[in-house]
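Before any comments, here is the structure.
2 protein chains.
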Amino acid sequence: MSDKQNRPSPFKLHTRSTECAARCGEVQTMHGTFRTPIFMPVGTQATVKAVTPENLVELGAEIILANTYHLYLRPGHELIRELGGLHHFMNWDRPILTDSGGFQIFSLRELAKITEEGAAFKSHLDGSLLFLSPEDAVEVQEALGSDIMMCLDTCIPYPADRTETLAATELTSRWAKRSRAAQHETGQLLFGIVQGSMYPDLRSLAVDQLLEIGFDGYALGGLSVGEPHELMMDITEHTAKLLPQDYPIYLMGVGTPENLVESVYRGVDMFDCVMPTRNARNGMLFTSRGRVVIKNSQYSTDPRPPDENCGCYTCRNYSRAYLRHLYMSREILAYHLNTIHNLYYFVGLMRSMRQAIENDSFLQFKKDFYEMRQEPE
Amino acid sequence: MSDKQNRPSPFKLHTRSTECAARCGEVQTMHGTFRTPIFMPVGTQATVKAVTPENLVELGAEIILANTYHLYLRPGHELIRELGGLHHFMNWDRPILTDSGGFQIFSLRELAKITEEGAAFKSHLDGSLLFLSPEDAVEVQEALGSDIMMCLDTCIPYPADRTETLAATELTSRWAKRSRAAQHETGQLLFGIVQGSMYPDLRSLAVDQLLEIGFDGYALGGLSVGEPHELMMDITEHTAKLLPQDYPIYLMGVGTPENLVESVYRGVDMFDCVMPTRNARNGMLFTSRGRVVIKNSQYSTDPRPPDENCGCYTCRNYSRAYLRHLYMSREILAYHLNTIHNLYYFVGLMRSMRQAIENDSFLQFKKDFYEMRQEPE
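Protein chains in written order, with numbering that gives the first Met the number 0: chain A, 0 to 376; chain B, 0 to 376.
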């Protein structure tokens, strides 16, 4: 236990903005380092949907996220362990962060029951009854061999009353302690998750309890669950300030390009979200000028790329007219090309933010970012 | 007219087997040459389903096929012309062959009506009434800018009575004459299609009538429409022998690996078929040992690639267990990886046949091909 507590931080700070809480750094893992602030594409079922690992490398992804809940159900963590771990299984040799399954179990709602011991839930695949304790979540993630593991947590819906929030937050802290104790010396990092809903003092309590245990990084959970944008940003700012500045700070499941800019401004280092990949499959493209809904008939004869300021494979080779044709024809290539573009946009946005922080011009970057989106095409 | 007739053949013979009718050569087009015997991946809607043009180049495809009927309906040939032609539209700079739409209209059956003037049919997309004459089919293909155009033909179901077959065959010849007359000097090649169902003398009649007009290549149509394998091979052999040996010979819509080997043996140079791409999306992989149905539970823990003799991207990087997981999880990457493998197999099979012909060892190749498929894994 004390060994884990005294382990050096995997985070190395490069530059701190003098204008705001934004900072640049890098995180060291068993599969190399990644630079922060970073966006992690989501690879739920051991694949980032519709693209290959080579596509991810080409578009600049340095770390991806995989979902413990999904892989636990199918194909099973023991199978993945036997086949050499998740990296080998899916042909990805850069870092992987696995979530704990807590958020997915929370999303099952009436199909799940939380007790002191852990979470009982029904599989969304076949309805079978399953149980995951904090120790099980660590064991599953150790079998997967991810570089960063997350503690099993109890996510709180919005809005939630104070009593319920306090109970869930304290349970999350007790589970965090059990998770740290269950961890073996595999070289994997383990992050704690701060809950506390929209109550600043409960967020503070959660931070204190996690710091008492000591983790390799700290995540903000239970945000982007339906609360107003301003509230999400206030809680993010409040919580990020309380966390030790020499450890990575990860805002889970966030978010829009605007969310990313605002959260980096408030000191967050790591993000993941299904938005770029899911919206790509629904024909929504993120661009420097805002969003392009590719099925709109205005694009049917448009010879321009999705984003004239973009250097991705899709924008270098295809027109909006072609992408609209593929989308209307339900061609698989539509999902592939749209996903490459959207992930390149998100990864590129983070790269631009890192450069702005290094140049200590983050406020100017933020101003330009918003102004660009208001210009007509 | 006479200019087109006197144009030199685009086909250059390299090697002729001394053991059988198999031959190696190349066909010259506006977008470069391709070697024969060749398999053309099918890109129905201006995309070979689930792969990029770069994937096709990497797996060795030298020419692809696109469907006139589908592109005529959506997005429309005029739009593709305005956007710079099909090559630019879909980002493919190697040769493209477009079919004429005849086979698709034939497949619509009760939705189509054939007259002397052309084919009236209902769109499968919105039921609108459309009409395509032989001249229209040439105009559409000229707008698309394909390297090889096909004459509009009337495909004959199997079985068909002699009177019906004679009428359809002669109509196809009259349409072929009108197609050749309608062609402009664009540099595009135009192939005639031999019909005649399973009647050798009507196939002979069709060949005579097409040779009278004169084309840049000759295709065998109306095969692989439900007739027994032996009959298909007999008609292929009979017809290929009648065609001028200094022009390319194309067997449309064929076929299985076995069909390809048997048809090359009988002198065929060009093939297209949806089988490798469609079966890939249904989880069926072609291998040197036969077929692998990837969803079968026997593969759930199998660490081997689909084909241990294969050098494709999929076999170099992924296990059967992973491909099965992707397929069971309905991940888009399953379609992508399976398609790359199957097309590589088909393209590689043609490459092996070309080498065997060049070494004048085609009979040995054919023997090994069948023996390999009987070996246990």
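Yeah, the Cβ is synthetic: ideal placement off N, Cα and C, and Gly gets one too.
Keep in mind the model is a prediction, meaning the values are calculated, not measured.
request  = Please determine, among A:Leu189, A:Ile113, A:Leu210 and A:Arg280, the residue with the shortest C-alpha to C-alpha distance to Arg323 of chain A.
outcome  = Here residue 323 of chain A refers to the residue found at position 324 of the first sequence. With distances taken between Cα atoms, Arg323 of chain A lies closest to A:Arg280.
Start-to-end residues for the beta strand (DSSP E) that takes in Glu226 of chain B = As a working mapping, residue 226 of chain B is identified with position 227 in the second sequence. Where Glu226 of chain B is concerned, there is no enclosing beta strand (DSSP E), given that its DSSP letter is neither H nor E.
inquiry  = What I want to know is whether the C-beta of Ala181 of chain B ends up closer than 7 Å to one or more non-hydrogen atoms of the ligand COA.
reply    = No copy of the ligand COA occurs in the structure displayed, which carries no ligand at all.
query = To which residues of the same chain is Asp92 of chain B closer than 7 Å at the C-beta, ignoring the five residues directly before and after it?
reply = As a first step, residue 92 of chain B is located in the second sequence; it is residue number 93 there, counting from the start. His30 and His86.
ask   = Can a CB atom of chain A be found closer than 8 Å to the CB of Tyr264 of chain B?
value = Translated into positions along the second sequence, residue 264 of chain B becomes position 265. False, the Cβ-Cβ gap to chain A never drops below 8 Å.
ask   = For Glu53 of chain B versus Arg34 of chain B, is the C-beta distance shorter than 8 Å?
value = What you label residue 53 of chain B is simply residue 54 of the second sequence in a count that begins at 1. What you label residue 34 of chain B is simply residue 35 of the second sequence in a count that begins at 1. No, they are not a contact pair.
query = Between Lys294 of chain A and Ser328 of chain A, what straight-line distance do the alpha-carbon atoms span, to the nearest angstrom?
reply = The count along the first sequence starts at 1 and reaches residue 294 of chain A at position 295. The count along the first sequence starts at 1 and reaches residue 328 of chain A at position 329. Between Lys294 of chain A and Ser328 of chain A, the C-alpha separation is close to 10 Å.
C-beta contact flag for Arg319 of chain A and Tyr298 of chain A at 8 Å = Taking the first sequence and counting its residues from 1, the one referred to as residue 319 of chain A is at position 320. Taking the first sequence and counting its residues from 1, the one referred to as residue 298 of chain A is at position 299. It is a contact, given that the beta carbons lie within the stated cut-off.
request  = Would you mind working out which of B:Leu124, B:Thr238 and B:Phe190 sits nearest Thr97 of chain B, comparing C-alpha positions?
outcome  = Residue mapping note: residue 97 of chain B aligns to position 98 of the second sequence, counting from 1. Among B:Leu124, B:Thr238 and B:Phe190, the Cα nearest to that of Thr97 of chain B is on B:Phe190.
request  = Compare the C-beta of His324 of chain A with all C-beta atoms of chain B and state if any pair is closer than 8 Å.
outcome  = Along the first sequence, one-based indexing puts residue 324 of chain A at 325. Yes, because at least one Cβ of chain B sits closer than 8 Å to the Cβ of His324 of chain A.
request  = Quick one: measure Cβ to Cβ for Met251 of chain A and Ala218 of chain A, integer angstroms, because I've assumed they're closer than 8 Å.
outcome  = Against the first sequence, residue 251 of chain A aligns to sequence position 252. Against the first sequence, residue 218 of chain A aligns to sequence position 219. Right, their Cβ atoms sit about 5 Å apart.
message = So the candidates are A:Met197, A:Asp215, A:Pro243 and A:Leu242; which of them puts its Cα closest to the Cα of Tyr232 of chain A?
response = Working through the first sequence from its first residue, we reach residue 232 of chain A at position 233. A quick correction: the sequence has Met, not Tyr, at residue 232 of chain A. Selected option, being the one with the closest Cα: A:Met197.
message = I'd like the list of long-range same chain contacts for Ala333 of chain B, defined as Cβ closer than 6 Å, with 5 residues on each side in sequence excluded.
response = For the purposes of this step, residue 333 of chain B is taken as the residue at position 334 of the second sequence. Cβ neighbours of Ala333 of chain B beyond the five flanking positions: Leu325 and Tyr326.
message = If you measure between the beta carbons of Val193 of chain B and Thr238 of chain B, is that distance less than 8 Å?
response = Working through the second sequence from its first residue, we reach residue 193 of chain B at position 194. Working through the second sequence from its first residue, we reach residue 238 of chain B at position 239. Contact flag set, yes.
ask   = Does the beta carbon of Tyr369 of chain B sit closer than 8 Å to a beta carbon anywhere in chain A?
value = The residue you call residue 369 of chain B lines up with position 370 of the second sequence. Cβ-Cβ to chain A under 8 Å: no for Tyr369 of chain B.
query = Quick one: which chain B residues come within Cβ less than 7 Å of Ser296 of chain A?
reply = Start at 1 with the first residue of the first sequence, and residue 296 of chain A comes out as number 297. In chain order: nothing, as chain B lies at least about 11 Å away.
key: Within-8 Å CB hit, Tyr321 of chain B to chain A   = Taking the first residue of the second sequence as position 1, residue 321 of chain B is located at position 322. Closer than 8 Å: yes.
request  = For the beta strand (DSSP E) holding Ala218 of chain B, just list the boundary residues, first then last.
outcome  = Here residue 218 of chain B corresponds to residue number 219 of the second sequence, with the count starting at 1. That run of the beta strand (DSSP E) goes Gly216 to Leu219.
ask   = Who are Glu25 of chain A's beta bridge partners in DSSP?
value = Along the first sequence, one-based indexing puts residue 25 of chain A at 26. Partner(s): A:Lys11 and A:Arg34.
key: Residues that Thr408 of chain B contacts on chain A, provided the C-beta gap is smaller than 9 Å   = The requested residue 408 of chain B does not occur in the structure, where chain B is confined to residues 0 to 376.
task = Using DSSP bridges, identify the partner residues of Ala65 of chain A.
result = Taking the first sequence and counting its residues from 1, the one referred to as residue 65 of chain A is at position 66. Bridge partners of Ala65 of chain A: A:Thr97.
ask   = Any idea which residues DSSP pairs Phe190 of chain A with across the strands?
value = In the first sequence, residue 190 of chain A corresponds to position 191, counting from 1. Partner(s): A:Met149 and A:Gly216.
message = Taking the alpha carbon of Gly84 of chain A as the reference point, which residue from A:Leu58, A:Leu143 and A:Arg73 has its own alpha carbon closest?
response = In the first sequence, residue 84 of chain A corresponds to position 85, counting from 1. Checked all of A:Leu58, A:Leu143 and A:Arg73; the closest Cα to Gly84 of chain A is A:Leu143.
Any alpha helix (DSSP H) of 4 or more consecutive residues that is wholly inside the region 268 to 325 of chain A = 274 to 280 and 312 to 316
ask   = Counting only beta-carbon atoms, is Leu64 of chain A nearer than 8 Å to chain B?
value = By 1-based counting over the first sequence, the position of residue 64 of chain A is 65. Contacts with chain B at 8 Å (Cβ-Cβ) do not include Leu64 of chain A.
task = Determine the DSSP secondary structure at Tyr249 of chain A, reduced to helix, strand or coil.
result = Position 250 of the first sequence, counted from the first residue, corresponds to residue 249 of chain A. Reduced to three states, the DSSP call for Tyr249 of chain A is strand.
message = Please list the terminal residues of the continuous beta strand (DSSP E) segment that includes Ile113 of chain B.
response = Counting from 1 along the second sequence, the entry for residue 113 of chain B is found at position 114. Unbroken beta strand (DSSP E) run through Ile113 of chain B: Ala111 to Ile113.
message = I'd like to know whether the C-beta atoms of Phe345 of chain A and Pro247 of chain A end up nearer to each other than 8 Å.
response = Taking the first sequence and counting its residues from 1, the one referred to as residue 345 of chain A is at position 346. Taking the first sequence and counting its residues from 1, the one referred to as residue 247 of chain A is at position 248. Not in contact: Phe345 of chain A and Pro247 of chain A (Cβ atoms no closer than 8 Å).
task = Throw me the rounded Cβ distance for the Asp379 of chain B and Pro36 of chain B pair, which I believe falls under 8 Å.
result = Because chain B is modelled from 0 through 376, residue 379 of chain B falls outside the range shown and cannot be assessed.
ask   = If you count every other CB in all the chains shown that lies within 10 Å of the CB of Phe130 of chain B, and 16 or more means buried, which is it?
value = For the purposes of this step, residue 130 of chain B is identified with residue 131 of the second sequence, where counting begins at 1. Flag for Phe130 of chain B reads exposed.
task = Compare the C-beta of Thr17 of chain B against all C-beta atoms of chain A and say whether one is closer than 8 Å.
result = Position 18 of the second sequence, counting from 1, holds the residue named residue 17 of chain B. Chain A contact via Cβ: absent.
ask   = Near Ser1 of chain B, which residues of its chain fall below 7 Å by C-beta distance, leaving aside the five closest residues on each side in sequence?
value = The count along the second sequence starts at 1 and reaches residue 1 of chain B at position 2. Its pLDDT being 49, under 50, Ser1 of chain B is placed unreliably in this model, and the value from its coordinates should be taken loosely. For Ser1 of chain B, where only same-chain residues beyond five positions count, there are no Cβ hits under 7 Å.
ask   = Assuming Gln187 of chain B contacts Met148 of chain B under a Cβ cut-off of 8 Å, what Cβ separation, rounded to an integer in Å, is found between them?
value = For this step, residue 187 of chain B is matched to residue 188 along the second sequence. For this step, residue 148 of chain B is matched to residue 149 along the second sequence. Gln187 of chain B to Met148 of chain B, Cβ: 5 Å. Contact.
inquiry  = Would Gly101 of chain B and Asp146 of chain B be called neighbours here (beta carbons separated by less than 8 Å)?
reply    = In the second sequence, counting from the first residue as 1, residue 101 of chain B sits at position 102. In the second sequence, counting from the first residue as 1, residue 146 of chain B sits at position 147. Cβ atoms of Gly101 of chain B and Asp146 of chain B: not closer than 8 Å.
query = In three-state DSSP terms, what is Lys3 of chain A?
reply = Position 4 of the first sequence, counted from the start, is the residue given in the question as residue 3 of chain A. Here Lys3 of chain A sits in helix by DSSP.
Neighbour-count burial assignment, Asp125 of chain A, 16 or more Cβ in a 10 Å radius = As a working mapping, residue 125 of chain A is identified with position 126 in the first sequence. Its Cβ having fewer than 16 others within 10 Å, Asp125 of chain A is exposed.
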